[in-house]
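**Student:**
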Amino acid sequence: MNVLMITRKIDRDDWLAGHSYEWAKKLVANLSATDGQLFVLCLQKGNIEGLGAEVVSLGKEAGASRFRRFWRFQKQALRLYRRVDAVFCHQNPEYTIAIWPYCFIFRKRLVSWYAHKAVTWKTRLMVWCSSAVLTPSIESLRLPSPKIRIVGHGIDTARFKKSTDAVGVVSEGAAYTIVTVGRISPVKKISDLVTAMDILVRERKLANMHATIIGSPALPADIEYAEYLKRKIHSKEMDQAVRILPAVSHQEIPRIYQRADLFVSLSQTGSLDKAVLEAMACECPIITSNESFTSLLQPFADLCLVKPHEPAELASKIEAMMKLNLSDRRALGANLRQLVVEKHDLTQLVEQISKSLSG
1 MNVLMITRKI DRDDWLAGHS YEWAKKLVAN LSATDGQLFV LCLQKGNIEG LGAEVVSLGK
61 EAGASRFRRF WRFQKQALRL YRRVDAVFCH QNPEYTIAIW PYCFIFRKRL VSWYAHKAVT
121 WKTRLMVWCS SAVLTPSIES LRLPSPKIRI VGHGIDTARF KKSTDAVGVV SEGAAYTIVT
181 VGRISPVKKI SDLVTAMDIL VRERKLANMH ATIIGSPALP ADIEYAEYLK RKIHSKEMDQ
241 AVRILPAVSH QEIPRIYQRA DLFVSLSQTG SLDKAVLEAM ACECPIITSN ESFTSLLQPF
301 ADLCLVKPHE PAELASKIEA MMKLNLSDRR ALGANLRQLV VEKHDLTQLV EQISKSLSG
């Protein structure tokens, strides 16, 4: 079976889109087992070394206009539909809507991926156009349809795993390290983490701990929020306890989780956050206020779940995590990884994608 994958960006180093490369590479291996091929059509491409698929970019990285990208899409769709048996649209509903006429006329199976709590007319139309729609959890696509299949988030657990030479607190007196990773945006509620750190360090007088916020803003509102966070950290005299670092290459992210003692995510996107699952796969303890994790983390709710917009409660949860002995911390990390391996492993996801594409 030959497959066309349509996605926003293919770049193994990109901090946001690096997982798309991982998915594509795994899909290449899956298809090649039966002499199949993968073709990728994307808005832009970066480092695709070692992918093993033909990648066609619509030219956004070169500054191509929307009009030019539209016509390039039509040209490549006409060229590629003859060479593939099915189409997999990743992330944006617009890709499904745009390719649907070709799939309908030439009888190609069309499978979509969607992971967001927002349901718009485009979302509904995407479901209508698709042969099947894959989503990581029941909260990630809130529409009733027999086409929807819950398949997990696709975490590369071979890369995101515990490292024997980077295990957080490994000696008495080491600083307790808290990290949060992702786009800096108001919806991420990072300000609550800064407030919680202020409570812990200045009010509760806990020393030898720090939090690192790793990520970059993308939209104008994100840039304003990043500046607000910097002002807040400085005004509370928390510059030594909380720092903001720019986004790093996707290839470097596992090392960040492996070296951290705790990962905190206060995102209110309403769907499973991939970064949380990646941290769990690295056996890093986590705390999250994301409602989508309530079911998955129920066995560890007392430690790992916190109410949204409650910095004082977050501070108490962090303090409880800090008090775990090394044995309990490692046991928690191992249990969190097992959840990801069982329900959100990339190999399992790619098998589900292939199964859905073949009908």
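The opening residue of the sequence shown carries number 1 in our numbering; numbering runs sequentially from there.
Glycine included, C-beta positions come from ideal geometry on N, C-alpha and C.
(1) CB-CB under 6 angstroms to Y257, same chain, minus the five flanking residues each way: which ones, in chain order?
(2) Find out if the Cβ-Cβ distance for the pair A275, F293 is shorter than 9 angstroms.
(3) Is K60 near L41, with beta carbons less than 9 angstroms apart?
(4) Can you check DSSP and say which residues form a bridge with L110?
(5) Is the beta carbon of A115 sitting closer than 9 angstroms to the one on H153?
(6) Going by beta-carbon coordinates alone, are Y81 and L4 separated by less than 9 angstroms?
(7) With a 10 Å radius around its C-beta and 16 neighbouring C-beta atoms as the bar for buried, classify V119 as buried or exposed.
(8) What are the uninterrupted segments assigned as alpha helix (DSSP H) that are 4 or more residues long and contained completely in the stretch 44-83, given in chain order?
(9) By a C-beta neighbour count over all protein chains shown, 10 Å radius and 16 as the cutoff for buried, is A62 buried or exposed?
(10) Whole angstroms are fine: how far does the CA of T180 sit from the CA of P246?
(11) Going along the chain, which residues of its own chain have a beta-carbon closer than 7 angstroms to the beta-carbon of V170, five neighbours each way excluded?
(12) Locate the beta strand (DSSP E) running through A132, then write down its first and last residues.
(13) Among the residues of its own chain, which have a CB less than 6 angstroms from the CB of V350, if the five just before and after it don't count?
(14) Hey, V133 and L125: beta-carbon distance below 9 angstroms or not?
(15) Which same chain residues end up closer than 8 angstroms to P254 when comparing Cβ atoms and leaving out the 5 residues on each side of it in sequence?
(16) Expressed to the nearest angstrom, what Euclidean distance is found between the alpha-carbon atoms of I353 and D85?
(17) Whole angstroms is fine: what's the gap from D273's alpha carbon to S267's?
(18) Following the continuous alpha helix (DSSP H) through A312, name the residue where it begins and the one where it ends.
(19) Roughly how many whole angstroms lie between the Cα atoms of A331 and A174?
(20) Relative to the alpha-carbon of N208, which residue among P299, N2, Y228 and Y176 has its alpha-carbon at the smallest distance?
(21) According to DSSP, simplified to helix, strand and coil, what is T164?
(22) Are S271 and S137 touching if we call contact CB-CB under 9 angstroms?
(23) Please go through the same chain and pick out, in chain order, the residues whose beta-carbon is closer than 7 angstroms to the beta-carbon of S191, but skip the five residues on each side of it.
(24) In whole angstroms, what is the alpha-carbon distance linking A260 and T7?
(25) R330 lies in the alpha helix (DSSP H); which residues open and close that run?
(26) Determine, using beta carbons only, whether L346 and D198 come nearer to each other than 9 angstroms.
(27) Mark P311 as exposed unless 16 or more other C-beta atoms lie within 10 angstroms of its C-beta, in which case mark it buried.
(28) Cα-Cα, which of Q338, E237 and K117 is closest to N290?
(29) With distances taken from CA atoms, which of L305, H234, N2 and Q338 is nearest A33?
(30) In this structure, how does DSSP classify H19 when only helix, strand and coil are distinguished?
(31) Quick one, which of P93, L314, Q348 and I287 has its alpha-carbon nearest K333's?
(32) Around the Cβ of G359, are there at least 16 other Cβ atoms within 10 angstroms (buried) or fewer (exposed)?
(33) Just tell me which of W100, A315 and R202 has its CA closest to the CA of F88.
(34) Would you kindly work out how many angstroms separate the C-alpha atoms of Q252 and R79, rounded to a whole number?
(35) Give every residue of the same chain whose Cβ lies closer than 6 angstroms to the Cβ of Q76, excluding the five residues on either side of it in the sequence, and list them in chain order.
**Tutor:** In terms of the structure at hand:
(1) A279, C282 and C284, listed in sequence order.
(2) Here A275 is not near F293, since their CB atoms are 9 angstroms or more apart.
(3) The answer is no: Cβ separation not under 9 angstroms.
(4) According to DSSP, L110 bridges with V87.
(5) Yes, the Cβ-Cβ distance between A115 and H153 is below 9 angstroms.
(6) Taking 9 angstroms as the cut-off, the Cβ atoms of Y81 and L4 count as close.
(7) An exposed status is given to V119, since fewer than 16 other beta-carbon atoms sit within 10 Å of its beta-carbon.
(8) Correct list: 66-80.
(9) A62 comes out exposed.
(10) CA-to-CA, the gap between P246 and T180 works out to about 12 angstroms.
(11) Because the pLDDT at V170 is just 41, under 50, the model does not fix this residue reliably, and the value given afterwards should be weighed accordingly. Same-chain partners within the cutoff: there are none.
(12) Per DSSP, the continuous beta strand (DSSP E) segment holding A132 begins and ends at A132 to T135.
(13) For V350, where only same-chain residues beyond five positions count, the Cβ hits under 6 angstroms are K26, L27 and N30.
(14) It is not a contact, given that the beta carbons lie outside the stated cut-off.
(15) Contacts found: R159, F160, K161, S163, E278 and C282.
(16) Linking I353 to D85 through their CA atoms gives a straight-line distance of about 14 angstroms.
(17) The alpha-carbon atoms of D273 and S267 are separated by roughly 8 angstroms.
(18) Looking at the DSSP string, the run of the alpha helix (DSSP H) that includes A312 is P311 to M322.
(19) Take the alpha-carbon of A331 and the one of A174: they are about 20 angstroms apart.
(20) The option with the nearest alpha carbon to N208 is Y176.
(21) Note: T164 maps to coil in three-state DSSP.
(22) Yes; because the gap between Cβ atoms is below 9 angstroms, this pair is in contact.
(23) Answer for S191: L229 and K232, listed in chain order.
(24) Straight-line spacing of the CA atoms in A260 and T7 works out to 31 angstroms.
(25) Run containing R330: L326 to K343, per the alpha helix (DSSP H) assignment.
(26) The Cβ-Cβ distance between L346 and D198 does not fall below 9 angstroms.
(27) With 16 or more other CB atoms across the displayed protein chains lying within 10 angstroms of its CB, P311 is buried.
(28) Distances from the alpha-carbon of N290 to those of Q338, E237 and K117 put K117 closest.
(29) A33 has its Cα closest to that of N2, out of L305, H234, N2 and Q338.
(30) In the three-state reduction of the DSSP assignment, H19 falls in the helix class, which pools H, G and I.
(31) It is worth fixing the name first, because residue 333 is Gly in this sequence and not Lys. Nearest neighbour of G333 by Cα position, chosen from P93, L314, Q348 and I287, turns out to be I287.
(32) G359 should be labelled exposed.
(33) Ranking W100, A315 and R202 by CA distance to the CA of F88 puts W100 first.
(34) The amino acid occupying residue 252 in the given sequence is Glu; Gln does not appear at that position. In a straight line, the C-alpha of E252 is about 37 angstroms away from that of R79.
(35) Take Q76, set aside five residues on each side of it, and the residues of its chain with a beta-carbon closer than 6 angstroms to its own are L41 and V56, in chain order.
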